[in-house]
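**Student:** For the sequence shown, counting from 1, position 20 maps to 20 in UniProt numbering; every step adds exactly one. The C-beta atom is built at its ideal place from N, Cα and C for all residues, glycine as well. What follows is a structure written as structure tokens; I'll ask about it next.
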Amino acid sequence: MSRIELDGVEMTDFLETQRTGVLCLGRENDGYGVPLSFNYREDDSSIYFRMGYAPGSQKRRFLEAAENVTFVVYDQTDEGWISVVAEGTLESVSEGDVESVVEEATRHLDIPYYEVHERPVDDLEFEVLRLRVSKLNGVREGHEGQ
């Protein structure tokens, strides 16, 4: 088995079939990773998230301090594994500025409110974020010549 780099088409195909990944944030000497549902849009090289924040949210504090972020999507394959790593910057997107297709997709992202936040949805604040992808890399485990 060897490590094989994915081309742009393979990365896009993979991201369009996946629904969850891990957003990696850092500030000073601390790191923070949060599993999230997402929607990938190839046409604007962006990944969209619908964030839910509880009062005093650690996630929000890390997001506010982050200049650049990394988002990792991975899965098991018959040969072993596949992963795509996206790097870029996050920006808040007002619901009025989001295309209807993206808005509909982010509205239906799987956010397990009660299990993660242990509080009613009314206690949470929501925001749509866009990761403007500046760098995208993908690899998979496989046999030479595949």
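Going straight from the alpha carbon of Leu131 to that of Gly80, what length do you get?
**Tutor:** Within the sequence shown, numbered from 1, the residue matching residue 131 stands at position 131. Within the sequence shown, numbered from 1, the residue matching residue 80 stands at position 80. One C-alpha to the other measures close to 28 Å.
**Student:** Should Phe62 go down as buried or exposed, given a rule of 16 or more other Cβ atoms within 10 Å for buried?
**Tutor:** Within the sequence shown, the letter at position 62 stands for residue 62. Result: buried.
**Student:** Answer with buried or exposed for Cys9, where buried requires no fewer than 16 other C-beta atoms within 10 angstroms of its C-beta.
**Tutor:** Position 9 of the sequence shown, counted from the start, is the residue given in the question as residue 9. Here residue 9 turns out to be Val, not Cys, going by the sequence shown. Label assigned to Val9: exposed.
**Student:** Thinking just about the alpha-carbon of each residue, which of Gly56, Ala66, Asn39, Glu16 is nearest to the one in Cys24?
**Tutor:** As a position in the sequence shown, residue 24 is number 24, starting the count at 1. It is Ala66.
**Student:** Apart from the five residues on each side of it in sequence, which residues of its chain come closer than 7 Å, Cβ to Cβ, to Glu125?
**Tutor:** Position 125 of the sequence shown holds residue 125. Within the same chain, Glu125 has close Cβ partners Tyr53.
**Student:** Could you give the distance in angstroms between the alpha-carbon of Glu42 and the alpha-carbon of Gly31?
**Tutor:** Taking the first residue of the sequence shown as 1, we reach residue 42 at position 42. Taking the first residue of the sequence shown as 1, we reach residue 31 at position 31. Spanning the two alpha carbons is a distance of roughly 28 Å.
**Student:** Considering only C-alpha positions, which residue in the set Gly56, Asp44, Arg60 is nearest to Arg50?
**Tutor:** Working through the sequence shown from its first residue, we reach residue 50 at position 50. If we check each option's Cα against that of Arg50, Arg60 comes out closest.
**Student:** Could you say which of Gly33, Ile47, Glu5 lies nearest to Glu91 if we only look at CA atoms?
**Tutor:** Taking the first residue of the sequence shown as position 1, residue 91 is located at position 91. Residue Ile47 is the option with its Cα nearest to Glu91.
**Student:** Quick one: what does DSSP say Gln18 is sitting in, helix, strand or coil?
**Tutor:** Within the sequence shown, numbered from 1, the residue matching residue 18 stands at position 18. The answer is coil: DSSP assigns Gln18 none of H, G, I, E or B.
**Student:** Taking the Cβ atom as the reference point for each residue, do Met11 and Gly138 lie within a distance shorter than 7 Å?
**Tutor:** Stepping through the sequence shown from its first residue, residue 11 is reached at position 11. Stepping through the sequence shown from its first residue, residue 138 is reached at position 138. Result yes, Cβ atoms of Met11 and Gly138 sit closer than 7 Å.
**Student:** If we call anything under 7 Å between Cβ atoms a contact, is Arg19 one with Ser37?
**Tutor:** Taking the first residue of the sequence shown as position 1, residue 19 is located at position 19. Taking the first residue of the sequence shown as position 1, residue 37 is located at position 37. Yes. Within cutoff.
**Student:** By DSSP's criteria, Glu127 is part of a beta bridge. Which residues make up the other side?
**Tutor:** For the purposes of this step, residue 127 is taken as the residue at position 127 of the sequence shown. Partner(s): Met51.
**Student:** Rounded to the nearest angstrom, what separates Asp123 and Asp78 at their Cα positions?
**Tutor:** Start at 1 with the first residue of the sequence shown, and residue 123 comes out as number 123. Start at 1 with the first residue of the sequence shown, and residue 78 comes out as number 78. Going from the Cα of Asp123 to the Cα of Asp78 covers about 42 Å.
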